[in-house]
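Residue numbers (the numbering used here): 8 to 340. In what follows, a single structure is set out as structure tokens and then discussed.
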């Protein structure tokens with residue numbers, strides 16, 4: 008039924024943009040939590056700066072979108088219902104973790120949701136295991152790299168400025184931290200908005216609107232706007248968890264966290280590799296915190312973050328699977 012297929016396509020596009028909006032306010036903390044916690048910027052100024060730079064970052068490249076759209080599943084096994092159920096799995100899990108203030112990964116959530124819905128539709132044999140292995144490997148390894156870079160960058164700063172008075176040093180880095188937060192916000196846009204671009208383009212190919220996987224300009228613009236608006240809405244709960252509860256930061260620490268995180272994310276995005284901006288920056292905070300002392304890290308919060316990291320893909324996959332099984336009898340497969 009062409010009418011039902013068109014309705015499903017519209018639903019997929021709407022759900023993908025909603026996911027991007029939720030991603031924006033869910034992951035606002037990625038870019039601005041550290042500069043808010045160190046008082047380099049007010050919350051309102053930081054959020055609007057992040058919103059604008061998220062938008063710009065989302066418009067700059069589509070390499071990650073292509074990885075998401077072509078690297079997880081064979082195109083022959085993609086239907087509008089599969090994509091819709093996968094997005095719903097990601098949205099529901101994101102809202103659950105946002106409610107409880109857990110900085111879980113939207114990247115993990117969308118991949119888990121899609122895997123779950125594909126398995127419900129065509130079984131595990133429909134998955135591109137080589138592409139999925141590469142994606143998950145990057146998602147797992149990038150936080151470890153973020154922690155290492157954060158630690159080493161902070162050690163280098165401590166050595167370079169060992170003779171500077173702490174007050175003057177933090178006064179200087181409070182200004183520099185605005186720049187590093189801006190770069191982090193831009194990198195967030197290059198990484199996270201592209202997941203929705205990939206999903207929408209996947210649905211357009213499945214519908215027959217596109218002969219090949221190439222992200223249309225209107226898709227890029229729509230996803231960039233949705234993420235920018237979501238970021239402007241702010242993610243207060245997660246900002247508190249990341250910026251205040253995890254590790255107490257001063258401006259020099261925040262600068263190192265944001266610079267290390269942005270470097271990892273931009274490098275991965277340039278290669279078309281999806282990263283979790285949430286886990287890269289929280290691991291960078293951990294790395295910087297460890298240069299102070301082990302007790303400087305709130306290990307209770309760290310445990311909650313790692314728990315969310317481990318369970319997000321299976322949990323969102325389960326929700327995606329259930330969403331497909333519940334909706335497909337009514338809306339078709």
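Cβ atoms here follow ideal geometry from the backbone N, Cα and C, with glycine treated the same way. Small disclaimer: the values here were computed from a predicted structure and weren't measured.
For a test of the three-state rule: what should DSSP assign to residue i, helix, strand or coil?
| i | result |
| --- | --- |
| residue 122 | helix |
| residue 134 | strand |
| residue 215 | coil |
| residue 44 | helix |
| residue 184 | helix |
| residue 30 | helix |
| residue 207 | helix |
| residue 177 | helix |
| residue 172 | coil |
| residue 250 | Residue placement at residue 250 cannot be trusted, given a pLDDT of 48 that sits under 50; what the coordinates show is reported in the next sentence. Note: residue 250 maps to helix in three-state DSSP. |
| residue 10 | helix |
| residue 299 | coil |
| residue 62 | helix |
| residue 268 | helix |
| residue 111 | coil |
| residue 74 | helix |
| residue 146 | helix |
| residue 155 | helix |
| residue 49 | coil |
| residue 201 | helix |
| residue 24 | helix |
| residue 256 | coil |
| residue 220 | coil |
How far does the alpha helix (DSSP H) with residue i in it extend, from its first residue to its last?
| i | result |
| --- | --- |
| residue 332 | 306-338 |
| residue 227 | 224-240 |
| residue 68 | That residue, residue 68, is in no alpha helix (DSSP H); it is neither H nor E in DSSP. |
| residue 87 | 87-106 |
| residue 281 | Neither: residue 281 is in no alpha helix (DSSP H) and is coded neither H nor E. |
With which residues is residue i paired in a DSSP beta bridge?
| i | result |
| --- | --- |
| residue 80 | 134 |
For residue i and residue j, what's the separation of their Cα atoms in angstroms?
| i | j | result |
| --- | --- | --- |
| residue 58 | residue 171 | 34 Å |
| residue 51 | residue 315 | 27 Å |
| residue 192 | residue 265 | 9 Å |
| residue 90 | residue 278 | 25 Å |
| residue 147 | residue 16 | 32 Å |
| residue 200 | residue 298 | 33 Å |
| residue 141 | residue 74 | 10 Å |
| residue 307 | residue 221 | 44 Å |
| residue 143 | residue 81 | 17 Å |
| residue 135 | residue 179 | 49 Å |
| residue 282 | residue 198 | 7 Å |
| residue 115 | residue 214 | 25 Å |
| residue 120 | residue 336 | 19 Å |
| residue 137 | residue 69 | 21 Å |
| residue 187 | residue 274 | 15 Å |
| residue 113 | residue 132 | 25 Å |
| residue 39 | residue 206 | 27 Å |
| residue 95 | residue 326 | 8 Å |
| residue 26 | residue 302 | 37 Å |
| residue 46 | residue 53 | 10 Å |
| residue 219 | residue 209 | 9 Å |
| residue 286 | residue 104 | 14 Å |
| residue 64 | residue 161 | 26 Å |
What is the C-beta distance between residue i and residue j, in whole angstroms, given that I count them as a contact (C-beta under 8 Å)?
| i | j | result |
| --- | --- | --- |
| residue 92 | residue 330 | 4 Å |
| residue 271 | residue 153 | 5 Å |
| residue 183 | residue 262 | 5 Å |
| residue 189 | residue 66 | In fact, because the Cβ distance is near 16 Å, the residues do not count as touching under 8 Å. |
| residue 240 | residue 31 | 7 Å |
Hey, would you say the C-beta of residue i is under 7 Å away from at least one heavy atom of the ligand ADP?
| i | result |
| --- | --- |
| residue 26 | For the structure depicted, the ligand ADP is absent and the ligand set is empty, with no information on it obtainable. |
Using a Cβ-Cβ cut-off of 8 Å, state whether residue i counts as contacting chain B.
| i | result |
| --- | --- |
| residue 226 | Protein chain content of the structure displayed is limited to a single chain, and chain B is not contained in it. |
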